[in-house]
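Asker: Protein chains in written order, with the working numbering: chain A, 1 to 293; chain W, 294 to 681; chain X, 682 to 1234.
Note that beta-carbon positions come from the ideal geometry of N, C-alpha and C, so glycine has one too.
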Amino acid sequence: MTSHTKGSYYLPPPSKWPLVGSAGIFCLLFGLANWLHGNHFGTVLFGIGAMLIIYMIFGWFGTVIRENEAGLLNNEQVEKSYRWGMIWFIFSEVMFFSTFFGTLFYIRVYSVPWLGGEGIGDLTHVLLWPNFVAKWPLLATPNPNEFTAPHSVMNTWGVPALNTLILLTSGVTITIAHWGLLKKKRTQLAIAQLATILLGISFLIMQGVEYGEAYMEKGLRLDAGAYGNTFFMLTGFHGLHVTLGTIMLIVIFGRILKGHFTPAHHFAFEAVAWYWHFVDVVWLFLFIFVYWI
Amino acid sequence: MHTIIRKCCRWMSWMLLLCGVGSAFASKYNMPVGVTPISREIYTLHMTIFWIVVAIGILVFGVLIYALINHRKSQGHVAAKFHSSLKVELIWTIIPFLILIAMAIPATRVLMLMEDDSDADLNIKITGYQWKWKYDYLDENISFFSNLATTQDQIQGKAPKGENYLLEVDKPIVVPTHKKIRFLVTANDVIHSWWVPELGVKRDAIPGFIHEAWAKIEKPGTYRGQCAELCGVGHGFMPIVVVALDEPDYKKWVAEQKGVALKQANALEENKPLTKAELMEAGQKVYGATCTVCHQATGMGMPPAFPALKGSKIVTGDVAKQLSIVLHGVKGTAMQAFGEQLTDKDIAAVVTYQRNSWGNDDQAKFGKAAGGLVQPSEVAAARKASSN
Amino acid sequence: MTPTRVSKHHDDDHDHGAHQEPGFLGFVKRWVFTTNHKDIGTLYLTIAMVNFLLAGAMALLIRSELFLPGHRLIAPDFFNTMTTMHGLIMVFGVVMPVFVGLANWQIPMMLGAPDMALPRLNNWSFWLLPFAFTILLSTFFISGSAPNYGWTFYAPLSTKYGPPSTDFMIFAIHIMGMSSILGSINIIATILNMRAPGMKLMQMPMFVWTWLITAFLLLAIMPVLAGTVTMMLTDRHFGTSFFDAAGGGDPILFQHLFWFFGHPEVYVLILPAFGVISEILPTFSRKKLFGYHFMVYATAAIAFLSYIVWVHHMFTAGVPIQAALIFMYSTMLIAVPTGIKIFNWVATIFKGSITFETPMLFAIAFLFMFTLGGFSGLMLAIVPADYQYQDTYFVVAHFHYVLVPGAIFSAIAAVYYWIPKWTGHMYNETLGKLHFWLSTISLNITFFPMHFLGLAGMPRRIPDYALQFTDFNQIATVGAFIFGFSHLIFLYNIIQTVRGKGKKATKRVWEGAHGFEWTLPSPPPYHSFLTPPVFVEEASSHEAWDVSDHHEK
Ligand code: HEA
Ligand code: HEA
Ligand code: CUA
Ligand SMILES: [Cu+2]
């Protein structure tokens, strides 16, 4: 409609997608809140919200892809805007994870030792939690009647180490795919991309297995005191991001098969690759601070 | 160099003079000087910083006002061309920095003093509850709750407000003068904050943690404060009253308390049956003092946060269930374990009162279990049963 | 701001205006689907104004209850919800949107850009907000009570003991956070990528600079808030114990996380205000902003320091003394860059050629009263003294002095300053001045006595108080009503201006105005600069600050 071709910067016409997205998020979260309070329409609303969001994602990205294929976005400045957008979005994600890492550090370095009588916690320990012994991983909580701690924790060098290997490898394969794209080796691109996806999926499966083991055998649960809390919050949100990343990889794979992307112009591919690397790096920190030390 | 020092000295004496002027201000406008060494240190610090910023303010605002008056276009003033100068930038970076250092030094010193809570003569554990304080004298084995004493009638405007409206309690915390008293502050439910301005003590009461503060009171007297952290509906209604007594008086008070505790223990043994009228009268008092904040005088509560007791299934049903709730509370809600706070007689009375008020004794409506009396001995039995 | 000379050949094409289909539906579609920075700016400003009246009305209820001791008007629980919602809406629903609105209107024009870098995202950032506020306000209709634990919603009052509506507030905050994050991304991309050819970073207008830095602040803190409220949610419903000692957590951890967000947040509220003031003072002093470079560095320094001062909100909560000391020093340090800003503003005015149009009046009031609020802030930073001030009306006085004559006044000044540009019409100067005097005087009547109340020992967030506090509370209440009323004049004035009642505005509007936005016609074309103007800096930065229209040269 009012899209201007005169200026060189592409100005999109009015769009309904943002509104669909806002309404979707509204339904999703308002629904979830009602759901938590046992209102049955909450579940329905939640479902509607989820569908609206999926609709929005398809619609919005579809529009962008069409604009892109029509050459409207084939402009250095526009592409740079997208780049900055993606970079700073990832930065906000980094901060999101920092919250949970910060929480982990605080609990490990301050609150648990204080409860155990260290530093300013001597009287806290003596008067309030005389039986509590501060040890990480927390295999006994200050009040075992309220919060049951796990009886054991994950073995670092089992599944977690394997998952580290998987994710690191996937970081390599996606780079190989990128090389393929740059060198116009489409087969290399497609195969390496597929490999990345498969690695992502196997990571998720392994993590599912690990969660099963944690819940069934080790009593390591989300509500198992501070250790369980931080463990599941960190690995859970990471897993969610891997899932999202994998879906994005799959979409890109579809576009690769359709013959999209040129060596000079493939921002979508790059954005997803950045995202994947980000997820990768978060895992490394997770592996070190949650599983290892 | 000498002139600088002399200037500093002159400046300092000015400061002190100004502090004097400041303390002459009615306490209505200013922080109380207080009755502990720390509160006085804080006061002096406060006034020092205050006068420093006043001085800076006069300077900055003075220049500003000068410019606003003299550099108006309507006065024919033409704009000058300057718009940067490294020199002045450095000056107004470095000078404020130095001023800040001058402020930080006394602040650090006072803070160090405050944190030195070694060698206490007396340890009192203070626990915040929704909405009352509990005091445990760790060395004396004295322990009691302190509730707001202002009546609901005063609050609702049905009776004239007393002089210490909202700042009075049924049982103040009593402490000796000239002793280093260590307060160990914690909370039972949410965060509260124990604050008595004249002692210069404010300490947040964090559930699950103990934080310390201390005071050495130099003047006998009654000092009032309030909870200073939002803790729910009753936040404005949990005052603190500290009574500081000279050593002999304090000793007497301690002895008395031990006597009271002994009497209560004896009373427990010989829990005589009471009449309905006695129970109802005592019950109304307890209810008014302890339960109305949540369940309201009308028994209507504030659903769903605080359930109505009028027509409540529990209050009109099995006595044992009701007793257990009142004795042990409901975990994770504001309903506390009143067993720790009230005597058997009080609990018997308040339970009887609830069962026979607001039409709760209507057996036609609620069935056979409604109404009835509860005797202190039954409460004692219920306590015993649950402790086994 | 650096002087600019704009090349001749800028876009003189006639404005197409917004594309709007006929009828009500057409109107709705235009505003709901719009990808235009001006439309979206208007939407932000509108929602901010509506929220201001709403949260202001809540403040009036608070003040009415506090007019006399005793329970009179509202129940204590409702009082707490009023305090909470007043704080939440003022912060998230008024000050943040108003400055994003100003950013939307001004940044593309100031940079010589056609629009924001990511126009669709821009629409999304805005349209998330009405939904978020719907959820937040829906809490009034949820059984139990609306959020009643203060805008800081400390655990465990908001977790274990929070009313059911807490979950709704949590999700509302998630959505607001998303909105802010997307908005910041857009602003950063715009500023880094859409500047007119030739305009270097150190040549951007101050308002743009302050927003660039603010956007980085937001990007770093909003995700932290999102994570924090997520932990609240799991503590409430999924059995975690992040903020519960019984499971190894700590209620104070919540405060650390909240204030890691919350302190930079207050600078999010004030840095764009600094930007506005840095635009207005030079214009009406007819003199270049003094010390542009230092102004930029100071803003960056404030932002940096704001990340490492959060514990000053928790001095009484029982942090180890080393931490208290470090955070006291870092907090005090903020006075240095803030002082640099104040001094540079004074130097800008100094030896200027000053006139007192309404925007300038508000900017000058800002200078005086923000500084006053800063001074009380500095007093709060002194740990031992803060033991006495914390959670009293002294704190309430402090933050209203920095927020009301700080953030709100600068937003009002900005509206008066730019509305002739936006609408093509001048506002009514007499009413503007009336608004100024009435609000400035009543504001001090409202908030100044709160200093005394706090020092004399009145805690904040209480619905009822001891008798000795009565008189100052009465004065404050009277002031608040006059202050509220004065904004109805403002509302009337802007509505009249938007409806085209005032006289026509010129291109430059103000004699001393400089920058790209003043080279556009008033009102500006729908797409600000379709062909980017060329930015040429004055040959020597010491050259005369020429107030004649560069355009005609
Ligand atoms: C726009 C918002 C804003 C701004 C800009 C500030 C600015 C500052 N604030 Fe404020 N603050 C709030 C909003 C803001 N604050 C809010 C909302 C709360 C309460 C939150 C709640 O609990 O609900 C709060 C609470 C608050 C506290 C916690 C009080 C308590 O709860 O006990 C503290 C403590 O240190 C503090 C300090 C400061 C300081 C040192 C500054 C400094 O930035 C001020 C610096 C400025 C100056 C000092 C003046 C100008 C400088 C000069 C003229 C130079 C020369 C001066 C000297 C050398 C002294 N603030
Ligand atoms: C930008 C932020 C901002 C702004 C602008 C204000 C503005 C005002 N604030 Fe507020 N305030 C906060 C942020 C802000 N506040 C915060 C963060 C808190 C802390 C909350 C907490 O403790 O958790 C707080 C707390 C707070 C308290 C303490 C409450 C308590 O501790 O219990 C008080 C008490 O007087 C108060 C008063 C006022 C008043 C009178 C105004 C006035 O300036 C308002 C003036 C505006 C109007 C009055 C609107 C005008 C409209 C009309 C007159 C017409 C009405 C019409 C319709 C409804 C259509 N505020
Ligand atoms: Cu207890 Cu406020
Ligand atoms: Cu702060």
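What residue range does the alpha helix (DSSP H) around T820 (chain X) cover?
Answerer: Segment: none, T820 (chain X) is in no alpha helix (DSSP H) and carries neither H nor E.
Asker: Along chain A, in chain order, which residues have C-beta atoms closer than 8 angstroms to that of P800 (chain X)?
Answerer: When 8 angstroms is used as the limit between beta carbons, P800 (chain X) is near these residues of chain A: L11, P12, in chain order.
Asker: Let me check you understand the geometry: is the CB of M531 (chain W) closer than 6 angstroms to at least one non-hydrogen atom of ligand 3?
Answerer: yes
Asker: Can you name the residues of chain X whose CB is closer than 7 angstroms to the CB of L460 (chain W)?
Answerer: A1147
Asker: Pull up the distance between the alpha-carbon of L882 (chain X) and that of L873 (chain X), whole angstroms please.
Answerer: Whole-angstrom Cα-Cα distance: 8 angstroms.
Asker: Thinking M1009 (chain X) and H993 (chain X) are a contact (beta carbons under 8 angstroms), I'd like their distance in whole angstroms, please.
Answerer: 7 angstroms
Asker: Just reading off the alpha helix (DSSP H) that I54 (chain A) is part of, what are its end residues?
Answerer: 40-69
Asker: Identify whether K606 (chain W) lies in helix, strand or coil by the three-state DSSP scheme.
Answerer: helix
Asker: Alpha carbons only, please: which of W:T479, W:Q634, W:I335 is nearest the one belonging to L123 (chain A)?
Answerer: W:T479
Asker: Quick check: does the Cβ of R497 (chain W) come within less than 6 angstroms of any heavy atom belonging to ligand 1?
Answerer: Rather than Arg, the amino acid found at residue 497 (chain W) in this sequence is Asp. No, the Cβ of D497 (chain W) stays beyond 6 angstroms of every heavy atom of ligand 1.
Asker: Whole angstroms is fine: what's the gap from F780 (chain X)'s alpha carbon to Q629 (chain W)'s?
Answerer: 46 angstroms
Asker: Which chain A residues are close to E505 (chain W), counting only those with a beta carbon under 9 angstroms from its beta carbon?
Answerer: I120, L123
Asker: Just to check, is the beta-carbon of T764 (chain X) closer than 6 angstroms to a non-hydrogen atom of ligand 2?
Answerer: yes
Asker: Do D758 (chain X) and N829 (chain X) have their C-beta atoms closer together than 7 angstroms?
Answerer: yes
Asker: For A601 (chain W), which option in W:W344, W:T585, W:A613, W:D611 has the closest C-alpha, if you only look at C-alpha atoms?
Answerer: W:T585
Asker: At a CB-CB cut-off below 8 angstroms, which residues of chain X make contact with L222 (chain A)?
Answerer: T915, F919, G920, T921
Asker: Give, in chain order, every residue of the segment 742-755 of chain X whose Cβ lies closer than 7 angstroms to some Cβ of chain A.
Answerer: From the segment 742-755 of chain X, no residue has a Cβ closer than 7 angstroms to chain A.
Asker: Within 10 Å of its beta-carbon, does I288 (chain A) have 16 or more other beta-carbons around it, so buried, or fewer, so exposed?
Answerer: exposed
Asker: With a Cβ-Cβ cutoff of 7 angstroms, do W892 (chain X) and P800 (chain X) count as a contact?
Answerer: no
Asker: Classify F91 (chain A): buried if its beta carbon has 16 or more other beta carbons within 10 angstroms, exposed otherwise.
Answerer: buried
Asker: Is there a C-beta anywhere in chain X that falls below 7 angstroms from the one on G315 (chain W)?
Answerer: Low local confidence applies: a pLDDT of 49 at G315 (chain W) is under 50, so the model's placement there is unreliable, and no value is given.
Asker: Check whether the Cβ of R676 (chain W) lies closer than 7 angstroms to any Cβ atom in chain X.
Answerer: no
Asker: Find the residues of chain X that neighbour G529 (chain W), judging by a C-beta separation of less than 9 angstroms, and give them in chain order.
Answerer: P757, F760, P1140, R1142, I1143, P1144, D1145, Y1146
Asker: Rounded to whole angstroms, what's the CA-CA distance from P1202 (chain X) to G1105 (chain X)? Just pull it up for me.
Answerer: Rounded to the nearest angstrom, the two C-alpha atoms are 8 angstroms apart.
Asker: Is there at least one Cβ from chain W nearer than 7 angstroms to L199 (chain A)'s Cβ?
Answerer: Proximity of L199 (chain A) to chain W, defined by a Cβ-Cβ separation below 7 angstroms, is not satisfied.
Asker: Under the rule that 16 or more other beta-carbon atoms within 10 Å means buried, what is L257 (chain A), buried or exposed?
Answerer: exposed
Asker: Given 6 angstroms as the limit, tell me if E456 (chain W) has its C-beta closer than that to any heavy atom belonging to ligand 3.
Answerer: no
Asker: Run down chain A in chain order and give the residues with a C-beta less than 7 angstroms from the C-beta of W808 (chain X).
Answerer: P18, L19, S22
Asker: Are three or more beta carbon pairs between the segment 481-489 of chain W and the segment 505-521 of chain W nearer than 8 angstroms?
Answerer: yes
Asker: Can you tell me which of the three DSSP states Y543 (chain W) falls into?
Answerer: helix
Asker: Please report how far the alpha carbon of T1121 (chain X) lies from the alpha carbon of H1081 (chain X), in whole angstroms.
Answerer: 13 angstroms
Asker: What do you reckon, is the C-beta of V353 (chain W) under 6 angstroms from a heavy atom of ligand 1?
Answerer: yes
Asker: Please classify Q449 (chain W) as buried or exposed, where buried requires at least 16 other C-beta atoms within 10 Å of its C-beta.
Answerer: exposed
Asker: Extract the residue ranges of the beta strand (DSSP E) inside the segment 986-1011 of chain X, only unbroken runs of 3 or more that lie entirely within it.
Answerer: Runs found: none.
Asker: Since I believe E461 (chain W) is in contact with P532 (chain W) (beta carbons under 8 angstroms), could you give me their beta-carbon distance rounded to a whole number of angstroms?
Answerer: 7 angstroms
Asker: Quick one: Cα of T1158 (chain X) to Cα of G825 (chain X), how far?
Answerer: 29 angstroms
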